[in-house]
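Remarks on the structure that follows.
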Amino acid sequence: QVRVVESGGGLVQPGGSLRLSCAASGSVLSINAMAWYRQAPGKQRELVAIAPKGGSVTYADSVKGRFTINTDNAKNMVYLQMNSLKPEDTAVYYCNMVNLGRGYWGQGTQVTVSS
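The opening position of the sequence shown corresponds to residue -14 in the working numbering, with each subsequent residue numbered one higher.
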């Protein structure tokens, strides 16, 4: 079994920054990709950024130039640096780790952008 845990959410003013962290533990054999998704109230979960191992990073158009995904494959960790935050970035952010072709979700961390 693989356990995925996110941290780093919170309340921030518009224009501010936050850094989310995510760690995978347990029966982690081969992480093929690490990704961040988010789900706002009343909306479907959407991809924010994905970093395939050995591949190119992809960002949602809405976060390009503001968010950066970084991975530490040795530690099975992924980070999301979020700058110039907007109220529309308010959502629960979820980490997804793909281990041997199967995706594992964390419990999510709330990010609220409000003055």
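All residues carry an ideal CB built from backbone N, CA and C; glycine is no exception.
Assuming contact is defined by CB atoms lying nearer than 8 Å, are residue i and residue j in contact in what I supplied?
i	j	result
residue 61	residue 9	yes
residue 66	residue 4	yes
residue 23	residue 78	yes
residue 91	residue -9	yes
residue 6	residue 64	yes
residue 95	residue -6	yes
Let me know the secondary structure DSSP gives residue i once reduced to three states.
i	result
residue 74	helix
residue -1	coil
residue 85	coil
residue 68	coil
Assign residue i to one of two classes, buried (16 or more other C-beta atoms within 10 Å of its C-beta) or exposed (fewer than that).
i	result
residue 70	buried
What are the boundary residues of the beta strand (DSSP E) that includes residue i?
i	result
residue 5	3 to 11
residue 46	Here residue 46 belongs to no beta strand (DSSP E), and DSSP marks it neither H nor E.
Let me check one thing: in DSSP terms, what residues is residue i bridge-paired to?
i	result
residue 95	77
residue -8	6
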